[in-house]
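Below: one structure, written as structure tokens.
Number of protein chains: 4
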Amino acid sequence: MEFKDNEAIYLQIAGYVSELILRGKWPPDSKIPSVRELAGDLQVNPNTVMRTYELLQSQDVLYNKRGIGFFVAPAAVAQVQAARRERFLTQELPEVFRTMLLLGIGLPEVQRRYEEFKSAHPQPLTVPS
Amino acid sequence: MEFKDNEAIYLQIAGYVSELILRGKWPPDSKIPSVRELAGDLQVNPNTVMRTYELLQSQDVLYNKRGIGFFVAPAAVAQVQAARRERFLTQELPEVFRTMLLLGIGLPEVQRRYEEFKSAHPQPLTVPS
Amino acid sequence: MEFKDNEAIYLQIAGYVSELILRGKWPPDSKIPSVRELAGDLQVNPNTVMRTYELLQSQDVLYNKRGIGFFVAPAAVAQVQAARRERFLTQELPEVFRTMLLLGIGLPEVQRRYEEFKSAHPQPLTVPS
Amino acid sequence: MEFKDNEAIYLQIAGYVSELILRGKWPPDSKIPSVRELAGDLQVNPNTVMRTYELLQSQDVLYNKRGIGFFVAPAAVAQVQAARRERFLTQELPEVFRTMLLLGIGLPEVQRRYEEFKSAHPQPLTVPS
DNA sequence: GTGGTCTAGACCACC
DNA sequence: GTGGTCTAGACCACA
């Protein structure tokens, strides 16, 4: 995994973990990789992963069994999805619209690129049924 | 001007200045406010504005005449616009599409909100003729 | 390290750092002294060193790992050397030639002094094998 | 005349004036352009030219007749030439040698370029007899 | 520990 | 008046 330079690594990992949960790769109540394991995989300091897990725990996305590990909270999917959706619709989309108007990019152009994008990324982003 | 807490002030000012240039409020080759002046207006330390101007100068958005002040680079508008557009189309839009697919939000929903947004923000983003 | 009075300290430090890299004292991908450490060694304010590192980072001579420190960019040597060579051959040398013609100083004189210089400065400028 | 950004304009003008004197374009005891005139030609603030003239006057390169103008000092040529030569041999040349060793550029290469330079710039740099 | 940002204040050269 | 540099000191997020 590559990390961008303008966002804290532990937040980028939080996004990564959230997405795995959202896509069902890490199902509810399943044990997720230990701090050290994930840290090794991602080539980061264990403290950093710890921070991610603590954050997600405080958001009720993960829970923790002492001495055993971290687990996906049952309501995590709904929880994450709702939060993500909220932010997308109220924060990100308006910002996108602002930029479109500023640059003179219209909906048709966006639409075109959307179709393009979809055909390039068939269905890897949905939850396997 | 209010500043967000999660982005460096000098970068927010850079965005602010860039947008003024992009909208034609500060035309090419015109002198822009002095470091101290803008600092006073924005209620920040002159060093902070200085940092913004240095950044924009290194990006060929501003240039400088010794002892006189900072000026808008002639190619700044095109430069800024091209860079902004490039980033939007190749970085931001795909990220938006990813999120849409992830959250199951379709184009119609986006379209609806886009119209809503446009009617709420008439034409404050274009250059006055 | 002594600093000249007619050039900004942070630029002199940049030259100093570049030369250490060029000579292989600070190899590619190696961690360089922290901002505070170098500042202490050179007896300057940390902000000043910070400025140097930022400059060199913007020139792709250094890169940075969050919370860890600054590192020599792998391509730094080639990068620095190429830029330095280019400037020397296209900017500095012609200026020297101009001066020579203006003052009536010929190549033999220069050659003589060059040999003199070399014997006074054995090989302190090459990379130790 | 174009000005570099890394040297004070009044110093660049001083170099320009010195060279004209050195080449005999402005002979000893001749009146040189007024401050305003030269400022107009060079597109700079008269204060800046004034500063140049004051500097050169303090170096006995120019002298001044109140209400009439500035004149080339009789000993100016010798004076300028000596100072220029001194600086070239003791400051500039050693620096050039340092760079050559650092970059691995030998005398033959320099010699080659010197001949090239000379043939490209026939004799425009000598004093007309 | 690391970098990153900001402030306050100073001094300077320059136009 | 302008920018440019430097210091001292503070606070913060991050690894």
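The listed protein sequences derive, respectively, from chains E, P, F and W. Be aware that the first sequence starts at 11, since it is given in this note's numbering, and climbs by one per residue. Be aware that the second sequence starts at 11, since it is given in this note's numbering, and climbs by one per residue. Be aware that the third sequence starts at 11, since it is given in this note's numbering, and climbs by one per residue. Be aware that the fourth sequence starts at 11, since it is given in this note's numbering, and climbs by one per residue. Every residue gets a Cβ at the ideal spot worked out from N, C-alpha and C, and that includes glycine.
Residue j beta carbon less than 8 Å from that of residue i
i, j, result
"residue 23 (chain E)", "residue 52 (chain E)", "yes"
"residue 94 (chain P)", "residue 113 (chain E)", "yes"
"residue 82 (chain F)", "residue 15 (chain F)", "no"
"residue 124 (chain F)", "residue 117 (chain W)", "yes"
"residue 120 (chain W)", "residue 103 (chain F)", "yes"
"residue 107 (chain W)", "residue 107 (chain F)", "no"
Within chain F, partners of residue i - CB distance below 7 Å
i, result
"residue 124 (chain W)", "107 and 117"
"residue 127 (chain W)", "104 and 107"
Exposed unless 16 or more other CB atoms sit within 10 angstroms - verdict on residue i
i, result
"residue 78 (chain F)", "exposed"
"residue 122 (chain E)", "exposed"
"residue 100 (chain P)", "exposed"
"residue 130 (chain F)", "exposed"
"residue 86 (chain W)", "buried"
"residue 61 (chain P)", "buried"
Residue range of the beta strand (DSSP E) that includes residue i
i, result
"residue 74 (chain E)", "72-75"
"residue 90 (chain P)", "Per DSSP, residue 90 (chain P) belongs to no beta strand (DSSP E); it is in the alpha helix (DSSP H), 86-97."
"residue 82 (chain F)", "79-82"
Residue i - containing alpha helix (DSSP H), residue span
i, result
"residue 27 (chain P)", "19-32"
"residue 109 (chain F)", "103-113"
"residue 127 (chain E)", "117-130"
"residue 56 (chain F)", "56-68"
"residue 12 (chain E)", "From DSSP, residue 12 (chain E) is part of no alpha helix (DSSP H); its letter is neither H nor E."
"residue 39 (chain E)", "Residue 39 (chain E) -> no alpha helix (DSSP H), and no H or E assigned at all."
Own chain partners of residue i with C-beta closer than 8 Å, once the 5 adjacent residues on each side are dropped
i, result
"residue 28 (chain W)", "66, 71, 90 and 94"
"residue 97 (chain W)", "none"
"residue 74 (chain E)", "63, 67, 80 and 81"
"residue 76 (chain P)", "none"
"residue 17 (chain P)", "none"
"residue 115 (chain E)", "109"
Within chain W, partners of residue i - CB distance below 7 Å
i, result
"residue 33 (chain P)", "Going along chain W, no residue has its Cβ under 7 Å from residue 33 (chain P), so there is no contact; the nearest lies around 29 Å."
"residue 121 (chain F)", "117"
Same chain, Cβ closer than 6 Å to residue i, neighbours up to 5 away in sequence not counted
i, result
"residue 59 (chain E)", "45, 48 and 49"
"residue 42 (chain F)", "36 and 80"
Beta-carbon proximity list for residue i, same chain, < 7 Å, skipping 5 on both sides
i, result
"residue 13 (chain W)", "19 and 22"
"residue 54 (chain F)", "19"
"residue 11 (chain P)", "26 and 52"
"residue 56 (chain E)", "45, 46 and 49"
"residue 84 (chain P)", "38 and 39"
Chain F residues whose Cβ lies nearer than 8 Å to that of residue i
i, result
"residue 23 (chain E)", "Those do not exist, as residue 23 (chain E) stays about 13 Å from chain F at its closest Cβ, beyond 8 Å."
Interface residues of chain W facing residue i [CB-CB closer than 8 Å]
i, result
"residue 113 (chain F)", "91, 94, 95 and 98"
Chain P contact residues for residue i, given Cβ-Cβ distances below 8 Å
i, result
"residue 19 (chain W)", "76"
"residue 29 (chain E)", "112"
Contact set between residue i and chain E, taken where Cβ atoms lie within less than 9 Å
i, result
"residue 87 (chain P)", "In chain order: nothing, as chain E lies at least about 12 Å away."
beta-carbon residue i near the ligand FMN non-hydrogen atom, thresh 7 Å
i, result
"residue 62 (chain W)", "The ligand FMN is not part of the structure shown, which contains no ligands of any sort."
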